[in-house]
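Report on one structure; see the data block that follows.
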Amino acid sequence: MVSKKNGRRYLLICCEGKTEREYFLILRRLYRISAAQVSVIGEKGQHKALVDRTLEERDKLCEDMCIDQDEVECWAVCDDDNMPFSYAELKDYAEKRKVKLAFSRPQFEAYLLQHFEQSSLHDQKGLYTRLSDLASGAAGQSEEYDKANLKWLDVAIDAKPKLVDIALVNADQRTRQSGKVFLTVQNLVRRMKELGKH
Numbered sequence: 001m002v003s004k005k006n007g008r009r010y011l012l013i014c015c016e017g018k019t020e021r022e023y024f025l026i027l028r029r030l031y032r033i034s035a036a037q038v039s040v041i042g043e044k045g046q047h048k049a050l051v052d053r054t055l056e057e058r059d060k061l062c063e064d065m066c067i068d069q070d071e072v073e074c075w076a077v078c079d080d081d082n083m084p085f086s087y088a089e090l091k092d093y094a095e096k097r098k099v100k101l102a103f104s105r106p107q108f109e110a111y112l113l114q115h116f117e118q119s120s121l122h123d124q125k126g127l128y129t130r131l132s133d134l135a136s137g138a139a140g141q142s143e144e145y146d147k148a149n150l151k152w153l154d155v156a157i158d159a160k161p162k163l164v165d166i167a168l169v170n171a172d173q174r175t176r177q178s179g180k181v182f183l184t185v186q187n188l189v190r191r192m193k194e195l196g197k198h
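The opening residue of the sequence shown carries number 1 in UniProt numbering; numbering runs sequentially from there.
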């Protein structure tokens, strides 16, 4: 969305946790998004509470920047985490509040893995083991996957920016809502990439 007052775009990304926030900060830097002011906020809750918090953050941003609510494009980044309702219900809840969802099932790490391979791996232990292997390869030493530290991924993406494009293609294979691995987070990545081109 473009501000009527100052011609700028505002993109607000509210994330469930630290991992998601770290990842989108990497992308903000990678794409050098000058066409929009991008705010990435972490640890804002889960599911419907995250959507509600996104609206609260939007209201704060609007007040601080003296802009209208409809001038801010809002995204909520969350994963399944044993969600007590269906994805369709969460999506409907978000859409009614003009918030877009960047969702991952079972968890965000399933999306991170798509940077390196087309994978349907869905159990946490398996995901963490595979990401530890990849982190070790990127760091050149044995390294356990730490969801609070994506420095290894930042280094890998810096060395080979096409990894993000690979993730987009691979994640698009995981868009069936009934699948054990279901991803829409790539839609936000595409949006950031698009804004980086301006």
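Glycine residues also receive a C-beta, built at the ideal position from the N, C-alpha and C atoms.
Exercise. Could you tell me the boundaries of the alpha helix (DSSP H) in which residue 201 lies?
Key: Since the first and last residues shown for the chain are 1 and 198, residue 201 lies out of range.
Quiz item: Under 8 Å between the Cβ atoms of Ala-102 and Trp-75?
Solution: In this structure, Trp-75 lies closer than 8 Å to Ala-102 by Cβ.
Self-check item: Helix, strand or coil at Ala-88 [DSSP, three-state]
Solution: In this structure, Ala-88 counts as helix in the three-state DSSP scheme.
Practice problem: Quick one: grab the DSSP three-state call for Ser-34. | Solution: Ser-34: coil per DSSP, three-state reduction.
Quiz item: Is Cys-66 helix, strand or coil by DSSP?
Solution: Three-state DSSP puts Cys-66 in coil, outside helix and strand.
Quiz item: With 8 Å set as the bound, which would you pick, yes or no: does the beta-carbon of Arg-176 sit closer than that to a beta-carbon of chain B?
Solution: The structure shown contains no chain B, having only a single protein chain.
Quiz prompt | Whole-number beta carbon distance between Lys-44 and Arg-32, since they are thought to touch under 8 Å | solution = Going by Cβ atoms, the distance from Arg-32 to Lys-44 rounds to 25 Å, so no, they are not a contact pair.
Quiz prompt | Residue range of the unbroken alpha helix (DSSP H) whose run includes Arg-97 | solution = It is not in any alpha helix (DSSP H) - Arg-97 carries neither H nor E in the DSSP assignment.
Quiz item: Is it the case that the Cβ atoms of Trp-152 and Glu-144 are separated by a distance below 8 Å?
Solution: Going by C-beta atoms, Trp-152 is not nearer than 8 Å to Glu-144.
Quiz item: Which residue's Cα is closest to the Cα of Ala-88: Leu-188, Arg-176, Leu-30 and Gln-186?
Solution: That would be Arg-176, whose Cα lies nearest to the Cα of Ala-88.
Quiz item: Can the beta-carbon of Leu-12 be found closer than 8 Å to that of His-47?
Solution: For Leu-12 and His-47, no; Cβs fall outside 8 Å.
Quiz item: Can at least three beta-carbon pairs, one atom from the segment 15–22 and one from the segment 63–81, be found at a separation below 8 Å?
Solution: The answer is yes - the segment 63–81 touches the segment 15–22, with three or more Cβ pairs under 8 Å.
Quiz item: So, is Glu-16 buried or exposed, given that buried needs 16 or more other C-beta atoms within 10 angstroms?
Solution: Classification of Glu-16: buried, given that the 10 Å Cβ count is 16 or more.
Quiz item: Which residues bound the alpha helix (DSSP H) around Arg-190?
Solution: 185–196 is the span of the alpha helix (DSSP H), which, as asked, contains Arg-190.
Exercise. Would you kindly work out how many angstroms separate the C-alpha atoms of Ser-164 and Asp-70, rounded to a whole number?
Key: With the sequence shown as reference, residue 164 is identified as Val, and Ser is not the correct amino acid for it. Taking C-alpha positions only, Val-164 is separated from Asp-70 by approximately 29 Å.
Self-check item: Backbone CA spacing between residue 199 and Ala-36 [nearest angstrom]
Solution: The structure shown has nothing for residue 199, since the chain only spans 1 to 198.
Exercise. Return the first residue and the last residue of the alpha helix (DSSP H) that Val-155 is part of.
Key: It spans 151–159 - the alpha helix (DSSP H) in which Val-155 sits, taken as one unbroken run.
Quiz item: How should Val-40 be labelled, buried or exposed, when 16 other C-beta atoms within 10 angstroms of its C-beta is the threshold for buried?
Solution: Label assigned to Val-40: buried.
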